[in-house]
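Single-structure report; data block below.
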Amino acid sequence: MGEPAIDDCKGDDGPQNVLDAFQENDKLRVLQLIDELHDKSVTEDDFEHAYQEYSGIFSKYQEQPHLLDRSLEEIVNRIIPYLQESDAELHTKHRAAKYLYQICKVRTFKAFVKNLPHEVRHLPFVLCLVEQQNLDDWQNWETRYMGLLWLSLLVLNPFDLSRLDTSEQGRPTTMERIYELCKANCLKDDSCTPVAAFLVARFVIRNDVKMVYLEKMFDWAMGVNKDYSVDANIGPLTAIASILKHGKREDLLPYVKKLSNWVLHLEYETISKDFKIYKTCIKICQRIGLVLLPPKIAKWRYQRGARSLLANVQKTVTLASLKEVQQTESLPECTEEEDDVDDEEVPGDIEEIVERLLLGLKGNSTIVRWSSAKGIGRITNRLPKLLGDEVVSSVIELLNPLEQDDAWHGACLALAELAKRGLLLPSRLSEIVPLLLQALVYDEIQGYRNVGQNIRDAACYMSWAFARAYHPSVLQPFVERIASALLVTAVFDREINCRRAASAAFQESVGRLGNFPHGIDILTTADFFSVAVRSNAFLSISEYIAKFEEYKYNLIDHLITRKINHWDTNIRELSAQALSNLTKHAPEYMRDSIVPQLFQLAESTELNTRHGAVLALGEVINALQMLSPSETGDEPESFINNTISELAGQLIGKYRLRGQFKGMSGTYMKHGCASFIRNCSEAKLPITQREYLESWQLLLDESIIDEKSTTREQATAAFSKFCDTYYKTEPADRLGGLIDNYIREMRDTQIEHKAQGIVSALGALPLFMLELRLQEIVAVIDVKTVVPEMFAVGYNHSELRRDCIRALMHIVQTVGFAHSDKSNEILCGPAFGCYLRALEEYALDNRGDIGSWVREASINALYAFLAKCPPALLTPQHVQDAMIAIAKQSVERIDKIRAVAGKTFTSLIYHEPPIPHIEHRQELQSIFPRDTTEVLWLFPHHTFPMFIQLLGIPVYVEQVSAGLILSVGAPTESLHTCASKTLNDYLKTHQTFIETFGAVVLKILKDKTIKDTLFITSTFQFLAELLNSSANAKVLLVSEDSSVEFAEPIFNLVNGLITQTKKHIDSIPVYCALMLAPKICKRVLSKLVVYLGMVCVNIRRETALKMYETLLVYGDQTSIPEETLDEVLVCLSEEKWDGELEEARQIRNKLCTLMGIKPPVTKLKK
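The sequence shown stops at residue 1165 when you use numbering that gives the first Met the number 0, and every number in between is there.
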């Protein structure tokens, strides 16, 4: 993959919606929607549409909410009056609150609350508003949310709340009301809980409230749920956490002991089942710790000092600069021991709190581990050096093989947080960096899932934190190891987020440290966006990085140790290809070290390792052979020696002796070994022992007929290369016998996948083998492409017939037209006939139109045939049959087939050199543009207006009409509508063509509806659309001068289809249209009144409706007497046709009398 591909990848995932301001038209529309709130006539449905538009406008700014800041005050001031109006209806207040909540959701409530009015005069109103809300009103909870948020701002007013109390006896005070309100809302677990906790924190820390309610609030919150079962309320816990965050340390210290005794002795085995409650408990623990410890930063922490990205990138790190920096940075550490002696004594609860946070690092939820990691970082930042060092040691101990993956993830997050705060001293790096390198490649299988993705992501975060925390001189001893590990993860990790995280960490390291080898050069290629595409990262970016000596061996070794034995098959395949690409950068290392390792791994008893090693061996051997010098002249020794050839030859036989091609694992090994044989054959590996070749041929025979399609495809490719390399010197009778065996098996088998593999293998044969049995191969393919009768054995084997066409196309390309007259006769006769016959396949099963696979393959084959065949061999019949058949596919119902056929048809018209014998070439070129870049081939409204014009060229009329029948009768609404409109518009402007078109359609339907299922299902809808046009009906049904008898044959045809398919409802529109034909009007009416008396209610109702619609417009053109026409219309429209059957039949008989026809008589069952 080259540089353009990398550039393409970079553009795929960039920012998609970057704005620079709150757009003026958005702001005006928002204000307009707000002003409409006063309109009392707005219904709930109207408001729902307005609210959807309003929220859609703000959602555009979800990722850039700061753009709203300048306009927030104006918008809020426009909405607030609707909440404050005393005479405003309740639903108006709810709507205003919904509008406010949308802004709050985008901007977050902590940033938004500052824009609400803060005068104390608003407090009584807001308090009443929140008290009036029903806690169980799930439709209007936004009002309660905004009321609580507004109240959290108003309680910050410094005035004493007793000033707002009334003098009424027995009425609770404002303070009591707010307290009860807080408790009630905390107990309700919904979207308002975070805001309720925020209000509690701001309320109880007031000077006039904390003396009365702070302890009560703690006692109440601790006592609400003593056991914290699964149904525990998270609100009281969130309230405690919020108070500990916003309260003053001196106010909270008297209660901390009680809180710590409570929170540290909860039933965490039960709590851990609910990650939200567990996370909140962890927050409480860490905040209790922060209250217990005085708010001072540890003096012993590592401080990097001033930093400049530009200086780091531009400078060169020298030995002198390193020594100078190391001396200056070691001075603070020398005096830190003295400072720690005078530190205050650490409270005893801190040890238990840290222990709980360390256990939280092993939690089963990411947010619990993340919260624990941040808590450890914050608390360690206030501990003396000795205790801080113990915490760091405890975290590091979690990074050992005996711990679960959750502990590894939590420890990586904690170490990153400690590093960010300077709490990982440089002396620890020699211990931590090896663990970081392990975490960057952590990937294990647990049962049916793999774990390690989040650990590798956290390890990248740790690397990012190290780059920001330490001076380049401190990390200098570890730079190459960290850089190599990050690049390995950036290009070879399975998960996109890990590749991107590693790329971001590498970029940060290059910018902050400035000493990563070739950092800037690599970043221009391995950036955040280019590593997103896995194949691009594995095959292209890795090859670029391997140009640098510092990284190439690490890349190769990582693939060998970690990736070729990966649990994901796709990764093993990509790793093998990546090794092939890297071979040219270290061929001697590959030959002397890697290839022997791979042969050892290929002997492994573990399936993934064995499969990956075989894949990699083939790729590396092929790559080495391509690098080997030519055999002529005095050149250096080849990279492939006899030992490698001998070991490669023995490998397949060893697997067979051990029975490793059997069972489910055998399928993988067949796939890997087929790839191995293909690569060895491409490399022309010298295999002298016949038994080795026989073992390879036997494996290919088994793999070619494997059930798995990927194995068959790999084996087919391998068989072609194998024959071309090793069978050129074989005697003709031996090769003929091999081909005869394949032909015999293909002819006799009824198993689809087996025949697919054999025919693909026959199509992949090299020319010297095809010469021996060309006629027999084409003959057996010709037989297999014939579609059996419906539901017969082999009818649904369309994939086999598709592969037959593809094999035939490969044979034509391999043999060519310059070989011999006999081969040309075969290719231009039976082979070309197969292509044309394949375009008529419309097999159906529960997968849909499976014949479309065959038709698509045939279109491609025809194009290849016409483009390559010499003009002397092409006959007018060949060319015209192909062009007409492709044109038919261009107007059929499947989008993909239409697109392929349309592109092919246009390409043939403008082919250079010109294809001979194309009739009406000038007319076709006037219809179809040479430049089709703006034509959307998948969309019918782009293609049908072009192809409909082919009806003006006589040779195309029949086939294009057949395609139009399928499209107009398609079940897809968009296609059906477009096709019928295009057809009727064309016929409207070509009135003289309607008769011809009717005759062609009649002929097609008579031929196709006998046994073609697609035509049978499309006929009713097509005829209805054709005859619903008054212009078409006038010519085909009414006109007595018409030379084509259309109505009578169509009526008989529809009757026959009804008997065959029982699709009564589909036929109703056709019968109603046929009422306009004078000769058969009474017979059509007799048919329709039978429907009016059927048992099925839907048929009766639909018939009455369609008859009424038709007679209302065209009643005077039918055989119904004019004097009774009005009564007939009344009877059809007002009578109850979906009632009891006997009543409906009585009404029907009355209707027959009015229309002047005999009522139908029910046949007696024998």
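Beta carbons are placed, not taken as given, at the ideal position from N, Cα and C, and that holds for glycine.
- Taken in chain order, no unbroken stretch of beta strand (DSSP E) lies wholly in the region 133-218 with a span of 3 residues or more.
- For L766, the number of other beta carbons within 10 angstroms of its own is below 16, and it is reported as exposed.
- Look at Q51 here: in three-state DSSP terms it is helix.
- Excluding the 5 residues flanking it on each side, S364 has same chain C-beta neighbours closer than 6 Å at F274, in chain order.
- Taking a cut-off of 8 Å on C-beta distances, the region 891-899 does not touch the region 914-925, as fewer than three cross pairs fall below it.
- Sixteen is the threshold: since fewer than 16 other Cβ atoms of the shown chains lie within 10 Å of the Cβ of Y447, the residue is exposed.
- If you draw a straight line from the Cα of L907 to the Cα of L935, it comes to about 18 Å.
- In the pairwise beta carbon analysis, the region 500-511 is classified as touching the region 470-486: at least three pairs are separated by under 8 Å.
- When secondary structure is reduced to three states using DSSP, E840 falls in the coil class, being assigned neither helix nor strand.
- For E618, the three-state secondary structure derived from DSSP is helix.
- Pairing S644 with I676, the inter-Cα distance amounts to about 12 Å.
- Taking a cut-off of 8 Å for Cβ pairs, the region 1056-1064 and the region 1123-1130 do not touch, as fewer than three such pairs fall below it.
- Nearest neighbour of T687 by Cα position, chosen from K653, T715, Y726, L656, turns out to be Y726.
- Residue pairing by DSSP places R448 opposite Q445 in a beta bridge.
- DSSP, reduced to helix, strand and coil, places D1137 outside both helices and strands of the structure shown, so it counts as coil.
- Residue pairing for G847: DSSP places it in a beta bridge opposite D844.
- Contact check for T1109 and C1071: beta-carbon distance about 4 Å, within the 8 Å limit, so the pair qualifies.
- Taking C-beta separations shorter than 7 Å and ignoring five residues to either side along the sequence, the partners of T748 in its chain run A754, following chain order.
- According to the DSSP assignment, E430 belongs to the alpha helix (DSSP H) that extends over 428-438.
- The criterion of a C-beta distance shorter than 7 Å is not satisfied by V208 and C181.
- Q302 sits in coil when the DSSP states are folded into three classes, being neither helix nor strand.
- Secondary structure of F816 (DSSP, three-state): coil.
- Using a Cβ distance threshold of 7 Å, V878 and I917 count as a contacting pair.
- DSSP places H919 in no alpha helix (DSSP H); its state is neither H nor E.
- Shown here, V17 sits in coil according to DSSP, grouped into three states, outside any helix or strand.
- Proximity of the region 1043-1056 to the region 1104-1122 falls short of the contact definition, fewer than three beta-carbon pairs being nearer than 8 Å.
- Pairing K1007 with F1019, the inter-Cα distance amounts to about 13 Å.
- In terms of Cα proximity to S1066, the closest of F528, P1077, L1087, K1078 is L1087.
- For F831, same chain residues with a beta-carbon under 7 Å away, outside a window of 5 residues either side, are F864, H877 in chain order.
- Sixteen is the threshold: when 16 or more other Cβ atoms of the shown chains lie within 10 Å of the Cβ of S472, as they do, the residue is buried.
- Burial is judged here by how many other beta carbons sit within 10 angstroms of a residue's own beta carbon; T279 has at least 16 and is buried.
- Burial check for Q888: the Cβ neighbour count within 10 Å reaches 16 or more, so the residue is buried.
- If you draw a straight line from the Cα of Q31 to the Cα of E72, it comes to about 16 Å.
- If you ignore the 5 residues before and after R381, its C-beta comes within less than 6 Å of the C-beta of L292, all in its own chain and listed in chain order.
- With distances taken between CA atoms, F527 lies nearest to I540 out of I540, P516, L360, F515.
- Contact annotation, I1003 with A961: C-beta distance approximately 5 Å; criterion of less than 8 Å satisfied.
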